[in-house]
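Enquirer: The following block contains the structure, expressed as structure tokens.
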Amino acid sequence: MKELSDYIKVLQENSDLPDKELGLVVASEEANVLLAPRADSVRQEHYGKDVYVRGLIEFTNYCRNNCYYCGIRAGNTQALRYRLTQEEILSCCAEGYDLGFRTFVLQGGEDLHFSDKDICSLVTGIKEKHPDCAVTLSVGEKERASYKAYFDAGADRYLLRHETACDTHYRMLHPESLSLANRKRCLWDLKEIGYQVGSGFMVGSPYQSTENLVADLRFLQELEPDMIGIGPFLSHKDTPFKNQANGSFTQSIRLVSILRLMFPYALIPATTALGTIHPQGREMGIKAGANVVMPNLSPLRVRKLYQLYDNKISTGEESAQCIADLKKRMEGIGYKVVSARGDVKR
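Residues 481 to 826 in our numbering are what the sequence shown spells out, letter by letter.
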């Protein structure tokens, strides 16, 4: 078997590493210490020491779906539901703009209360007030015509994690009403329309194998997304997976590095899930090759209600109001938060 350093070199120079050998790297507990510095070097070649911030607005926690892992699933009768008004959302953006944010991410469950017209109105309203900013949507699976309408209204980016690229594994995580084929159809529609597209997957989700993770990497190679978001699976007490073990922080960090080596150009966030599972999670994610953080711009009263998993951090340095603390933490590890749209550099 080759040394891991050889795998790293191949990952950097040729992403067609055979699945068996790629699987060895994904599964290797020793890989992190070697992968992270090389991934950080590649990241700096493309993006320097800049860390882009996105203002996250979780505007509704209603969802029509019943994904087995998600705390805002339709079947969770314990969830306290909320919806923000357009005025509240625009107020969040105004506050974020003053704090230096130049990208706003509208994220929510698949809430049918918000029509295509409503979402277009939100996008247009943000663009009219902040024309120098990017608007990112993350509102789930839609028809192509809906995606086109949002794009025409001014949306720049769309986030839709595929979660797992293996159909058999997908069936273990989702009800029969959802399909991996439709999920992928959505991603290809978004690319063809012209969005900057983000996808990604859970690390350590129930029943996941190393082969599943390799399939995720291969699908991303095919899709070539602009943004790739991953994080450890974290359980929620009011879901069918409440007793399942959480995903591995160490493996999540390893995969951040692998993704940076395979996709040098990508925008890769150090996710909230990393910060939830480890007190230095976001810093370690940045040092392993990530270059984006997404502080929370949602009103304080609803932050604890958007609970995809238990113990999600919802006060402190992850909030947009504490941007000074976030800047200090990033500077403490040699990076700098910048006020910029942070578009992908192909």
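Beta carbons are placed, not taken as given, at the ideal position from N, Cα and C, and that holds for glycine.
Sorted by chain position, which residues of the same chain lie with C-beta nearer than 8 Å to residue 628's C-beta, five sequence neighbours on each side aside?
Expert: Around residue 628: 673.
Enquirer: Would you check if the distance between the CB atom of residue 540 and the CB atom of residue 589 is smaller than 8 Å?
Expert: In contact: residue 540 and residue 589 (Cβ atoms closer than 8 Å).
Enquirer: Could you spell out where the beta strand (DSSP E) holding residue 712 opens and where it closes?
Expert: Here the beta strand (DSSP E) through residue 712 covers 707 to 712.
Enquirer: Between which residues of its own chain and residue 756 is the CB-CB distance below 8 Å, once the five residues before and five after are set aside?
Expert: Hits under 8 Å: 714, 789, 791, 792, 793.
Enquirer: Can residue 535 and residue 583 be called in contact, C-beta distance under 8 Å?
Expert: Cβ atoms of residue 535 and residue 583: closer than 8 Å.
Enquirer: Looking at C-alpha atoms only, which residue of 608, 547, 813, 586 is the closest neighbour of residue 778?
Expert: When only C-alpha atoms are compared, the closest one is 586.
Enquirer: Per the DSSP calculation, residue 617 is bridged to which residue(s)?
Expert: Answer is 586, 638, bridged to residue 617.
Enquirer: Curious, which full-length alpha helix (DSSP H) runs of at least 4 residues does the region 503 to 541 contain?
Expert: Fully enclosed alpha helix (DSSP H) runs of 4 or longer: 512 to 527.
Enquirer: Compare the Cα-Cα distances from residue 619 to each of 538, 676, 758, 528 and report the closest residue.
Expert: For the residues 538, 676, 758, 528, the minimum Cα distance to residue 619 belongs to 538.
Enquirer: Is it buried or exposed, residue 796, if we count other Cβ atoms within 10 angstroms and call 16 or more buried?
Expert: The pLDDT assigned to residue 796 is 49, lower than 50, so where the model puts this residue is not dependable, and the model offers no usable value.
Enquirer: What number of angstroms, rounded off, separates the C-alpha of residue 787 from the C-alpha of residue 528?
Expert: Taking the straight line joining both Cα atoms gives about 34 Å.
Enquirer: Alpha carbons only, please: which of 765, 696, 578, 492 is nearest the one belonging to residue 649?
Expert: Comparing Cα-Cα distances from residue 649 to each of 765, 696, 578, 492, the minimum goes to 696.
Enquirer: Report the option in 718, 641, 775 whose CA atom is closest to the CA atom of residue 752.
Expert: Checking every option, the nearest Cα to that of residue 752 belongs to 775.
Enquirer: Which one of 762, 826, 684, 626 has the shortest CA to CA distance from residue 807?
Expert: The candidate whose alpha carbon is nearest that of residue 807 is 762.
Enquirer: Identify, in the order they occur along the chain, each residue of the same chain with its Cβ nearer than 8 Å to the Cβ of residue 733, setting aside the five sequence neighbours on each side.
Expert: So the list reads 512, 516, 754, 764, 765, 768, once near-sequence residues are dropped.
Enquirer: Please report how far the alpha carbon of residue 772 lies from the alpha carbon of residue 610, in whole angstroms.
Expert: Each residue's alpha carbon lies about 21 Å from the other.
Enquirer: Check this for me: beta carbons of residue 514 and residue 694, under 8 Å apart or not?
Expert: No, the Cβ-Cβ distance between residue 514 and residue 694 is not below 8 Å.
Enquirer: Using three-state DSSP, classify residue 815 as helix, strand or coil.
Expert: Coil at residue 815, not helix or strand.
Enquirer: Helix, strand or coil: how does DSSP classify residue 826 here?
Expert: Note: residue 826 maps to coil in three-state DSSP.
Enquirer: Is residue 727 helix, strand or coil by DSSP?
Expert: It is coil, neither helix nor strand.
Enquirer: Is the beta carbon of residue 822 closer than 8 Å to that of residue 532?
Expert: A contact, by the Cβ cut-off of 8 Å.
Enquirer: Specify, as a first and last residue, the run of the beta strand (DSSP E) that residue 451 falls within.
Expert: Residue 451 cannot be examined here, being either before or after the span of the chain that is shown, 481 to 826.
Enquirer: Whole angstroms is fine: what's the gap from residue 664's alpha carbon to residue 641's?
Expert: Looking at the two C-alpha atoms, the distance is approximately 10 Å.
Enquirer: Could you tell me how far apart the beta carbons of residue 566 and residue 601 are, in whole angstroms, since I believe they sit closer than 8 Å?
Expert: That belief holds up - the Cβ atoms of residue 566 and residue 601 are roughly 7 Å apart, short of 8 Å.
Enquirer: For residue 507, collect the residues of the same chain with a Cβ closer than 7 Å to its Cβ; drop the 5 residues on either side in sequence, then sort them by chain order.
Expert: Within the same chain, residue 507 has close Cβ partners 690.
Enquirer: In this structure, does DSSP put residue 567 in helix, strand or coil?
Expert: Residue 567: helix per DSSP, three-state reduction.
Enquirer: Does the region 715 to 732 touch the region 698 to 707, meaning 3 or more C-beta pairs lie closer than 8 Å?
Expert: The region 698 to 707 vs the region 715 to 732: no contact.
Enquirer: Provide the residue span of the alpha helix (DSSP H) that contains residue 649, from first to last.
Expert: That run of the alpha helix (DSSP H) goes 647 to 653.
Enquirer: Nearest to residue 666 by CA position, among 654, 677, 737, is which residue?
Expert: It is 677.
Enquirer: Please list, in chain order, all residues of the same chain as residue 770 whose beta carbon is under 7 Å from its beta carbon, the five residues on each side excluded.
Expert: Around residue 770: 736, 748, 749, 750.
Enquirer: Helix, strand or coil for residue 692, going by three-state DSSP, please let me know.
Expert: Three-state result, residue 692: helix.
Enquirer: What's the C-alpha gap between residue 574 and residue 687?
Expert: Spanning the two alpha carbons is a distance of roughly 43 Å.
Enquirer: Starting from the Cα of residue 638, find the closest Cα among 692, 709, 804 and give me that residue.
Expert: For residue 638, the nearest C-alpha among the options comes from 709.
Enquirer: Do residue 662 and residue 623 come within 8 Å of each other at the CB atom, strictly closer than that value?
Expert: Cβ atoms of residue 623 and residue 662: not closer than 8 Å.
Enquirer: Pick out the complete alpha helix (DSSP H) segments inside the region 760 to 798, 4 residues or longer, and give them in chain order.
Expert: Counting whole runs of 4 or more residues, the region 760 to 798 contains the alpha helix (DSSP H) stretches 761 to 767, 780 to 783.
Enquirer: Please check the pair residue 548 and residue 721, which I expect to be a contact at CB under 8 Å, by giving their CB distance rounded to whole angstroms.
Expert: Correct: roughly 5 Å between the Cβ atoms.
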